[in-house]
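Each residue of the sequence shown is one higher than the last, beginning at 0 in the working numbering.
No residue lacks a Cβ here, since even glycine has one placed at the ideal position from N, Cα and C.
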Amino acid sequence: MRATLMYGAGDVRVETIADPSIQKQTDAIVRIVRSCVCGSDLHPYHDLPGQEQGMPVGHEFLGVVERTGADVTTVKTGDLVVASFSYQDNTCEFCRAGVQTACAHPEFGFFSAAQAELIRVPLADGTLYKLPTGVDTGLLPSLLTLADVYGTGYHAANMAKVSAGDTVAVIGDGAVGLLAVLSAKQLGAERIILMGRHKVRTDLGVEFGATDVVAERGEEGIAKVVELTGGGAHKVLEAVGHRPAYDQAVGIVRGGGVISRVGVPQYEEAPVGFASLFGRNITLNGGPAPVRAYIDELLPSVLDGTVNPGKVFDRTVTLDDVPAAYQAMDDREVLKALIQF
Ligand SMILES: [Zn+2]
């Protein structure tokens with residue numbers, strides 16, 4: 000099969016490699032129909048040391064089940080399925096509590112080979128979600144966002160317990176930030192301030208429900224949000240992952256408020272003491288989204304067109320064009336590239 004491999008920073012190649020095979024009877028093999036490049040794929044694209052062996056990449060996909068191991072019961076050959084970006088049993092104590100990304104199963108893990116024609120899915124019963132048959136192909140981009148970015152944006156809003164009347168600030172105008180805006184709106188936020196400075200993206204954020212856009216960053220951005228909100232936002236959804244975004248979140252959160260992080264932190268140390276969080280009773284939470292838990296909840300509005308999270312895809316490429324898609328996303332020329340097979 001053809002698959003995307005990363006050989007180091009800035010070095011992405013599409014090559015022919017061996018097809019994946021069933022290794023455990025709980026596995027399935029899926030033929031990918033739509034995949035995409037994630038903002039988080041850009042982290043290794045910046046700093047992966049050069050290596051002899053290419054590293055398979057990609058964790059978001061939707062496809063058709065090609066074959067299943069003997070123990071798989073919930074999906075069968077020919078089913079259209081979407082997968083959460085993590086694979087899990089969906090039955091253990093942690094999964095049942097809705098924290099699938101802390102699954103206790105020894106095989107638990109995160110996908111890393113989804114920018115390819117075929118993929119092996121461990122724990123298929125707990126990972127694959129069967130989509131309705133005969134679904135309109137025009138809905139596929141939005142359905143694909145259930146694999147990660149929509150579920151992750153929703154997780155940010157859910158962990159912050161966004162509810163009716165809240166003032167929410169979203170940091171980051173990437174796909175997750177924009178879908179955090181959409182999710183906050185769905186959960187009833189009254190005012191949604193989007194912090195981002197890429198006009199095309201913040202315009203989409205406004206379409207998704209943002210009421211204000213703040214392009215300034217750092218101290219200037221903090222001052223602007225504090226002024227707009229008369230003292231800070233109740234809920235801050237941080238969808239970037241770099242330290243300055245954390246500092247910005249601390250600066251704009253209202254006393255007694257919540258900072259919910261879904262941007263993968265590219266730092267280990269940040270202030271949590273009296274002056275930053277403790278003194279003002281700020282709650283800090285967030286983490287890798289258990290998107291499998293949200294599919295049931297988010298799917299109906301995608302199917303009936305109430306929401307169109309697939310609008311975050313602003314370029315469609317073939318598998319062979321994936322290296323160029325990484326470059327275009329890194330140049331911020333493209334928000335999120337959809338891979339169509
Ligand atoms: Zn589990």
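Residue closest to residue i, alpha-carbon to alpha-carbon, out of the options
i	options	result
R242	G309, M5 and G171	G171
V81	F93, Q87, G38 and T126	T126
G256	S162, R30 and L47	S162
M54	G9, A96 and S20	G9
V301	L47, A101, R95 and P131	P131
E237	E206, G187 and L178	L178
P289	L186, V148 and L318	V148
R190	V175, T166 and A113	T166
P121	F109, K129, S141 and A115	F109
L138	Q52, P299 and G285	P299
Q185	I31, N307 and D46	N307
E92	H104, A69 and S85	H104
A188	Q52, R196, K129 and A232	A232
Q87	G220, L334, V311 and D26	D26
K234	G97, G285 and G240	G285
G176	G164, G150 and K160	G150
L283	V311, T305, V252 and A292	V252
V271	A248, V261 and G262	A248
T201	M0, P322, G49 and K310	K310
P264	V239, T136, V212 and D124	V239
D124	G250, R314 and K23	K23
Per DSSP, cross-strand counterpart(s) of residue i
i	result
R260	E237 and G285
G108	Y86
R119	I28
A11	Sequence inspection shows Val at residue 11; the Ala mentioned does not correspond to that position. Its beta-bridge partners are M5.
Y128	V81
A232	V252
Extent of the continuous alpha helix (DSSP H) to which residue i belongs
i	result
R242	R242 to I251
G176	A174 to Q185
I221	G217 to T228
H154	V148 to M158
G204	K198 to F207
F93	E92 to R95
S141	L139 to L143
Separation of residue j from residue i, as counted between CA atoms
i	j	result
A209	P43	31 Å
V13	V316	13 Å
S259	A156	7 Å
N280	L145	33 Å
E268	D246	11 Å
D303	L143	15 Å
V169	I192	6 Å
E332	E215	20 Å
E65	F340	15 Å
T72	T90	14 Å
M194	K223	10 Å
E106	T100	12 Å
H45	D330	12 Å
A183	F207	9 Å
E296	R119	26 Å
G77	C102	28 Å
A327	D320	11 Å
C37	I221	27 Å
V74	V63	10 Å
A244	K198	19 Å
R95	E219	43 Å
Endpoints, beta strand (DSSP E) assigned at residue i
i	result
M5	R1 to G7
D295	Careful: D295 lies outside any beta strand (DSSP E), inside the alpha helix (DSSP H) at V290 to L302.
D211	D211 to V213
V167	T166 to I170
L193	R190 to M194
Closer than 8 Å: residue i CB and nearest ligand 3 heavy atom
i	result
D88	As far as ligands go, the structure on display features ligand 1 and does not contain ligand 3.
Kindly provide the ranges of any alpha helix (DSSP H) runs that are 4 or more residues long and lie completely inside the segment 24-89, ordered along the chain. 41-46
Please specify which runs of the alpha helix (DSSP H), each continuous and at least 4 residues long, are wholly inside the segment 309-340, giving them in chain order. 321-329
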